[in-house]
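Report on the following structure.
Number of protein chains: 4
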Amino acid sequence: MIKVGIVGGTGYIGQELVRLLNKHDNVEIKFITSRSYLGQCYEDVYENYRDILKIECTKQDIEAMSELVDVVFIALPHGIASKEISSKIINKTKVIDLGADFRLSNIQLYEKWYKTEHYNKELIKKAVYGLCEWNREKIKESQLIANPGCYTTCSILSLAPLLKEGILEEDSVIIDAKSGVTGAGRSLNLGTHYTECNESVKAYKLAEHRHTPEIEEQLSEISGNKIDLTFTPHLIPMNRGILATCYGKLKNKMTYDEVKAIYQKYYGKEYFIRLTKKDIFPETKWVKGSNYCDIGFKIDERTGRIIIIGAIDNMIKGAAGQAVQNMNILFNLDETIGLKDVSIFPI
Amino acid sequence: MIKVGIVGGTGYIGQELVRLLNKHDNVEIKFITSRSYLGQCYEDVYENYRDILKIECTKQDIEAMSELVDVVFIALPHGIASKEISSKIINKTKVIDLGADFRLSNIQLYEKWYKTEHYNKELIKKAVYGLCEWNREKIKESQLIANPGCYTTCSILSLAPLLKEGILEEDSVIIDAKSGVTGAGRSLNLGTHYTECNESVKAYKLAEHRHTPEIEEQLSEISGNKIDLTFTPHLIPMNRGILATCYGKLKNKMTYDEVKAIYQKYYGKEYFIRLTKKDIFPETKWVKGSNYCDIGFKIDERTGRIIIIGAIDNMIKGAAGQAVQNMNILFNLDETIGLKDVSIFPI
Amino acid sequence: MIKVGIVGGTGYIGQELVRLLNKHDNVEIKFITSRSYLGQCYEDVYENYRDILKIECTKQDIEAMSELVDVVFIALPHGIASKEISSKIINKTKVIDLGADFRLSNIQLYEKWYKTEHYNKELIKKAVYGLCEWNREKIKESQLIANPGCYTTCSILSLAPLLKEGILEEDSVIIDAKSGVTGAGRSLNLGTHYTECNESVKAYKLAEHRHTPEIEEQLSEISGNKIDLTFTPHLIPMNRGILATCYGKLKNKMTYDEVKAIYQKYYGKEYFIRLTKKDIFPETKWVKGSNYCDIGFKIDERTGRIIIIGAIDNMIKGAAGQAVQNMNILFNLDETIGLKDVSIFPI
Amino acid sequence: MIKVGIVGGTGYIGQELVRLLNKHDNVEIKFITSRSYLGQCYEDVYENYRDILKIECTKQDIEAMSELVDVVFIALPHGIASKEISSKIINKTKVIDLGADFRLSNIQLYEKWYKTEHYNKELIKKAVYGLCEWNREKIKESQLIANPGCYTTCSILSLAPLLKEGILEEDSVIIDAKSGVTGAGRSLNLGTHYTECNESVKAYKLAEHRHTPEIEEQLSEISGNKIDLTFTPHLIPMNRGILATCYGKLKNKMTYDEVKAIYQKYYGKEYFIRLTKKDIFPETKWVKGSNYCDIGFKIDERTGRIIIIGAIDNMIKGAAGQAVQNMNILFNLDETIGLKDVSIFPI
C-alpha cells in the first residue's frame, strides 16, 4: 500500500483528493492536514463522510510527514508550497504539488504574473510538469511533480497536437474558456456568493489570468515555437466543469480527416482522452465527475480557422484526478487505477 | 459473474442502472434494450460512455432474455411490466422491476390510484417489496422484486422506526417532499423544459400522487396500524435528490435521546442509513451520487411534534442503487458491492 | 413629491427599495445610507445603475435625516433600528422599518426568540404591523410601521382567512416553507457560497426560526384563538421566491367552493392577492419580480386536511414591495402605485 | 393610443412583447394571436397574468388585423412571415418582424444559411434592419422593420464602432457568444430539457449559426469593408442573457483612452448603451430584465488584440425590447418609453 499524506485536505481540491485516494485500492491515507478544521474529525467537516472517514485533521508539518509517507499531495494556495518543500523533503518522499509554485520553469514569468518573489528557485529545476499524457517519461523519474492548473490542462491537451505538428499560425491562438464555480475554491468571496453568480455569466481577469504563461510555456515547448496567445476565462453558473473553446488559423487548408489523424496520432492510445465524433462537440456534463478530457473540433472553411473544444472536470482531470494519475505513474501502477469512473448523469 | 439484462436502458433510471452494473465486479451486462435508440451503440446515446461501452441497444424481448441472463432489471413506465412478466419468466430468471406494477399488494388501490386495470393480479402475490433494510429476508427468497419508488423509499425509511415503535399518533403524519427534476424522467414535457422549472419551486399532484398508497401500505404493515397520511411532492430546480420533511405528533413527550435510540435500534447496523448528529440535518448534496439515506430529526417541544428529515439520491437509493442492492441480496453477495461511492462534492 | 431616505440601501433589501422607489412617480430619493459603501456613488456599487443613479451613499444619521424627509425606510439587521429610532424621530417623519425590532408586540417573545434585550419597549406600542391587506386602517394612522418578514407575509396571507373563519383546528397548523437564497441577504456565509447551496435542498432552523412567533402572534390576533404552529423553512437553489405549503385539519368536512368563498370574502377585492383556479397551484416563477401573493388550495378528503399553497417574491411582497405599499397607504396614495409590474418570464 | 397586434403572442418572445406593450403608456393591445392556445384567455396561458390580462388568443389573420391596428409585431419562426406579409399589408399598417425573414438583404445568403427558398424577395428591399442605434433615421421612414437577432444585436453593437473607425484587422474578428436557454424558445427539445442542459456548458452550431451572415452583412456595411468572422454560440445554464466576447487584432497600437473615445463618439449619447469603467466588464445580471446593452473592453498588449465584452438581455434588447424601441421610433415617440426598467437584482 502506498502511504499518502494530504496537505490542505479540507479545501475543495483537497477533499476531492481525499475522495479519490480513499477509494484507491493501492492507497492508505495516513494524514490529512487542515488549518481551518484542525483537530476535527473528517466526517464532521464534510457530512458525506459521516460514518465513513473518521480521520482527524492534523497540523501541517510536511517535513515530519515526509518521514512517514510515500507521497505527499499539497493542495494549498500558491506561494506556500515553495516555502514548505525542500530538497531534504523530496529526498525522503515524493511530492505532488497541486499549486502553482513549481509549474513555471521561467522564474521571471512566475514573479511577473504572480506578483511575488519565488522562494525556492533551486527546486523548480527538479520539478516536472505533471501533464501526464505529454510528460509521462519525465514524471516517472521525478520526486517533485507540479500538477497542472485546471484551465491549463484543458487548453494544452486541446491544442498541443496541432501546435506540435505546426499546422496553426503561432500568433493566431485564442482560448475562450468557461469554468464552473468550484474553480474559485471554498473561500468566501462576493463574486461566488450564490445570488451574485447564479443566473449570470461574466468574463474575468481579461489578459491577466495566471494560467496564461503556464499554457504558453508548455505549448511553446511542445511546438518548438514561441507561442503568445490570448486567454479569457469566464465564470459559468454551475458547480463543475471547464470548456475551452480554442481558435487558431490554419497555415494551410486541411480536411477534417487530416486533422483527426493528428489527434489520433497523439491521443489514439490515451485512455483519458476521447475524441468526439464529427459534428459532435464536448459538453462538460459528459466529463463531470470523471478523469476524461473530451476533445472535438470544427474547421471553419470560410475563415480558415479551426475551432477546438476541450472539456474536463476542473476538480478531477484539472486537479485531483490528474494528481492521482501522476501518483500512479510515479509508483509504476496502471495509470487508470482509481480513476475509471464515468460521469454520473444527470448530476 | 451474474449475467444481467436491462430493459429500458436508455431512460434516466436505465442508464443509471447501466452505470452501476457496468462497474460492479460481479456483473456482466448482456443486454440493454431500448425502444428509442434501438440498434444504436450505447456510446452514441450517452456520450459519457464514448470509448467505454459499445453494447448495441436491442429489441425488448424479456422472455428470450430470461433464457440467457440471471437477472432482468426492468426500467419502464408503469403498466408495461405487468404485461410483459409472467410466471414462466420468473421461473427462469430473477426479475427486479423498477416500475410500480408490483409494488402495491392491494390491487384495488393500484387500480384506483393508477386509473388502469392491473394485468397480472396473480403475479403480485409472488412479488416482494424490495425495501432492502426492512424486507431483506423475504427478498432473498423471491424471484420477483418490486423495487420501491423514490419518494417512497425516503419517506418510509424516515418514518418506519417511529411508527413501528408506536410513538406517533397514527393520523398525524404529513410528508412534505422535495425532488430534483430527474424524478420526472427524460420524456419531454413543458413542466421540465429548462426555462419553465429553473429558478422556481412548485407543489404538484396535491393529495393525488401515486406514491401515497405505496407509503401508506408499507407503513401500515410495518406499524401494524392503518396509516393514512398527507403527501405533498414539490419540484426543486436541481438535477438530483429528494428531501422528505416528515411531521408527526408524539403520543407522549420524548427526549432527543429516546428517539435517537429508536433509530439506532433499527438502523444502527445498516451501512446505507446514516443518522446525522443532533441539530445537523440531512441535505441532498451529501447523498447525491451515493446509495446512502441520511436521516435527522428535531422535536418541536412547543407543539409536541417531531420533524424528521430524510435525504436520498432519487436515482440511486431511490431507484437504480436500491435495485442493485436488491440484486446483491438476491445473489447472496455483500449488499454494499458496487455501491460504496460517497457523494462527489460539490457536483 | 414624497421625500424619502433609505437606511441600509446597499443590502439586498435596501437596493430593492432603491429600485422600487426610484421608479415611483411620487417619490424623490433624498438619501441612501450605507456603511459598507460609504462615500461611493450608487452606480459604482450596483452596476445595473450605471449612468442611472449617481447618488452618493452617506453616513447613517436617522435623526438628521428625519428633519429632511417625509419617510425613512430602514433596512438593517435586527437590534439596530430599536436603538436608532426614537419618539422624537417618529414625531418628525414616518418610519417604515423592514427589520424585526417592532414586529412582535409581546416583548418577552422578542427577547426569547431573538436572544437579546429589546432596547425600545415604549416604541413597540406605537408601531403598527404593516401587513397591508389586514391592517390597512391602522397603518394609515401610524408613524411607525413594522414591515412584516418574508416567510411571515406569505404564511399569514395564506392562512388568515381560514383561521379567522375558524374552520381549522387551531393546533393542527404546519407551515413547510421554501425560500430562495436572497432570503439570506448579501453577507458572506459558507451556507450561501454558490457551490455549497447550488444543486441541493435543506431544511434549517427547525422549530427555531424567528418568524415563528411573528406568524403565531398575528394569526392568533386575527383568529381570536391562540395559535401554536410548526414552521420549517427550507433553502432552495434559486435566487428569489417563497413558497409556503400550509397544512391544517378542517374542523368539519367542507367543499372546495365553500373554502373558495372564504378566500373571496377576504381577498376578492385585493389587488395584490390572486387566487389560482381549482387544481392550479402557485409557483414562485409567476410572482417573482412582482408584489403579488398567489394562493391556491386543495382539500385532502382522505385525511380531512386542507393544503394551502402561497407564493410571493420574498424581496418584494415579502420586503421592499410591501414597504412601498405601506408608504402608499401612509400617504393616501393608490396602494398599487409603483407596484404594478407583473413577473418577467422566464427570468 | 397606438393600436397593436401581436402575432405569435404565446411564445417566449411573444409574451415578452405582451409584457412590454401592456405596460407601455401609449399602447393598446388589440389582438394576440396564438396557434397553440387558440381561444384561450391569456391569463390561463401564463399564470403571471392571472386577473390582469383577459384578452383571448385569436386566429392568425394578419391581413384582417392590418385594417384594425397601427402596428403588427410578428414573433414567429423564420419562413412564415415572408409568406404572410405583403405590400398590401405594409401599406395599411406598420410591421415589425422579430423573425429572420427580412434581416438579410442578400437573398443568396438567406437561402444558403436557412436552407430554404425566400418567398418574398420583393419585400426585402422595403425592409429596414431595425438596429435602433445605427439605423434610426431609416427606421423612421419604413413600414417594415426587420428586428435584429439576439446574438446579432449584442455582437454588432460591441464591434461596430471599432470596425467603422477601421482600427481592427478585418479578417481577425472572432465572436465567442454565450446565451441563456430562453434563446432556444419554448418548443420542447431534448437539448433544453432541464436535466440535459442544467449544470453543463456546450458550444453548438460551430461555424454554422444563422446569425453569422447577419452580423457580417451589417458590420460590412457599417465598416465599408467585407467582414468575414468566426462566430461560436454557447448554451449557458441560466434563463436569460447574452454575453459576447469579441476578439480582434488592432491594426496599430492603441491606448485604452483612445479606444474609449471611439465608443463615446458613437454611444456617448445613447440611452441604452452603457460603457463600463476601465477594468470592469459587463455581466449579464446587470442587464437582465432591461433594454440596456453594456459594453467594456480590454487591450491585450502582449498579443496586440482587443477583447470586447458586450452583454444584453436576449429577450429584451435582443428581441422584444428592441422591437418596442423600434415602435417608439416609428411613431416618433421618445425611444425610451416603456423601456426604462433597470435590471432587478438578484433575480
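Chains as they are written, first to last, in the working numbering: chain A, 1 to 347; chain B, 1001 to 1347; chain C, 2001 to 2347; chain D, 3001 to 3347. Every residue gets a Cβ at the ideal spot worked out from N, C-alpha and C, and that includes glycine. All values reported here derive from a predicted model rather than from experimental measurement.
Short CB-CB distance (under 8 Å) between residue i and chain A
i       : result
C:C2293 : no
Residue i, enclosing beta strand (DSSP E) - first and last residue
i       : result
D:L3275 : I3273 to L3275
D:T3232 : T3230 to L3235
B:L1144 : L1144 to A1146
C:E2028 : V2027 to T2033
B:K1298 : C1293 to D1300
B:G1304 : Per DSSP, B:G1304 belongs to no beta strand (DSSP E) and is neither H nor E.
B:K1083 : Not the beta strand (DSSP E): B:K1083 falls in the alpha helix (DSSP H), residues A1081 to E1084.
Chain-ordered neighbours of residue i on chain A, where CB pairs are closer than 7 Å
i       : result
D:K3285 : E199 and S200
Residue burial classification, residue i (beta-carbon count within 10 angstroms, cutoff 16)
i       : result
A:G304  : buried
A:E122  : exposed
D:S3200 : buried
Contacts of residue i in chain B (Cβ-Cβ under 9 Å)
i       : result
D:H3193 : V1181, R1186, S1187, L1188, N1189, T1192, H1193 and Y1194
Three-state secondary structure assigned by DSSP to residue i
i       : result
B:T1093 : coil
C:A2127 : strand
C:V2045 : helix
A:V324  : helix
D:T3245 : strand
C:V2018 : helix
D:E3056 : strand
C:K2278 : coil
A:E67   : coil
A:G5    : strand
B:G1191 : helix
A:L168  : strand
D:A3311 : strand
is_contact[residue i, chain C] using C-beta, thresh 8 Å
i       : result
B:K1298 : yes
D:Y3012 : yes
B:D997  : Because chain B in this structure spans residues 1001 to 1347, residue 997 of chain B falls outside the shown range and cannot be described.
Within chain D, the residues that residue i reaches when beta carbons sit closer than 7 Å
i       : result
C:F2345 : Q3015, Y3046 and N3048
CB contact below 8 Å: residue i versus chain B
i       : result
A:D279  : no
C:I2174 : yes
C:D2097 : no
Where the alpha helix (DSSP H) containing residue i begins and where it ends
i       : result
A:A160  : C150 to K164
C:K2140 : C2132 to K2140
B:R1176 : Per the sequence presented here, residue 1176 of chain B reads as Asp, with Arg not at that position. Where B:D1176 is concerned, there is no enclosing alpha helix (DSSP H), although the beta strand (DSSP E) it sits in stretches over I1174 to S1179.
A:V259  : Y256 to Y267
C:K2200 : A small fix is needed here, since residue 2200 of chain C is Ser in this sequence, not Lys. Run containing C:S2200: none; DSSP gives neither H nor E here.
D:S3223 : H3211 to S3223
C:Y2113 : Before going on, a small fix: residue 2113 of chain C reads as Trp here, not Tyr. Taken as a continuous stretch (DSSP letters only), the alpha helix (DSSP H) holding C:W2113 covers I2107 to Y2114.
Chain A contact residues for residue i, given Cβ-Cβ distances below 9 Å
i       : result
C:N1996 : Limits of chain C in this structure are 2001 at one end and 2347 at the other, which puts residue 1996 of chain C out of reach.
Proximal residues of chain A, C-beta to C-beta of residue i below 8 Å
i       : result
B:R1035 : Those do not exist, as B:R1035 stays about 20 Å from chain A at its closest Cβ, beyond 8 Å.
Neighbour flag for residue i against chain D, beta carbons, 8 Å
i       : result
C:I2308 : no
C:K2205 : no
C:T2336 : no
C:K2260 : no
Within chain G, partners of residue i - CB distance below 7 Å
i       : result
D:G3248 : In the structure shown, chain G does not exist; the protein chains are A, B, C and D.
Beta-carbon neighbours of residue i, restricted to chain B and to distances below 7 Å
i     : result
A:R19 : V1342 and I1344
Amino acids of chain D, ordered along the chain, whose beta-carbon sits closer than 8 Å to that of residue i
i      : result
A:H234 : K3178, L3243 and T3245
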